[in-house]
Each structure stands twice: as structure tokens, then as C-alpha cells.
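In terms of our numbering, the sequence shown has 41 at position 19, counting the first letter as 1, and numbering is strictly consecutive.
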Amino acid sequence: MISTVTTTTVTTVYTATSIGIILTLTLLALLVQKELASSDDKPIFQAFSRVLNVAIVPLLMGFAFIVAMKVFNILG
Numbered sequence: 023m024i025s026t027v028t029t030t031t032v033t034t035v036y037t038a039t040s041i042g043i044i045l046t047l048t049l050l051a052l053l054v055q056k057e058l059a060s061s062d063d064k065p066i067f068q069a070f071s072r073v074l075n076v077a078i079v080p081l082l083m084g085f086a087f088i089v090a091m092k093v094f095n096i097l098g
């Protein structure tokens, strides 16, 4: 029983860390794309820059949650 719980815990921690890394890299890529799109004056790029907010806002919330949890783990 203890072996199963320990294995499951290790797997869960590894999965959560992997998801956090993927979330952070995706957010970084989208922010770079938004910056590049907003630097051009063409209307299509301006529209693309606004559309990217649909993906960026939830990822920013997830990133803020991850940072808050890391800070709470360090402090407490």
C-alpha cells in the first residue's frame, strides 16, 4: 500500500511539474508572437494581436497560480 501511494505521489509531482513547464513555455511563445504582431501597422496583424489575448489571459492566470503556490511552498 505504501509503495503504491509513494509511486503515485512521485508520478503526480512529475506530471504537475511538466504541465507547469509546458504552460510557461506556451505563454512565453504567445507573448513573443503578440509582441511581433502588434509591432506591425497592418490591420490583419493588429487583429491577430488582439485574438492572442484569448489564449494569453488564461495562461497568465495559470502562471500566477503556479508562482503563488511556489511562493507558499517556500514560505510555509
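Where is the CB? At the ideal position from N, CA and C, for every residue including glycine.
Keep in mind the model is a prediction, meaning the values are calculated, not measured.
Quiz prompt | Every unbroken alpha helix (DSSP H) within the region 32–75, with a cutoff of 4 residues, ordered by chain | solution = 65–73
Quiz item: How many whole angstroms separate the CB atoms of K56 and L45, which I take to be in contact at a CB cut-off of 8 Å?
Solution: With 8 Å as the limit, K56 and L45 do not qualify as a contact, their Cβ atoms being about 16 Å apart.
Quiz item: DSSP three-state call for G84: helix, strand or coil?
Solution: helix
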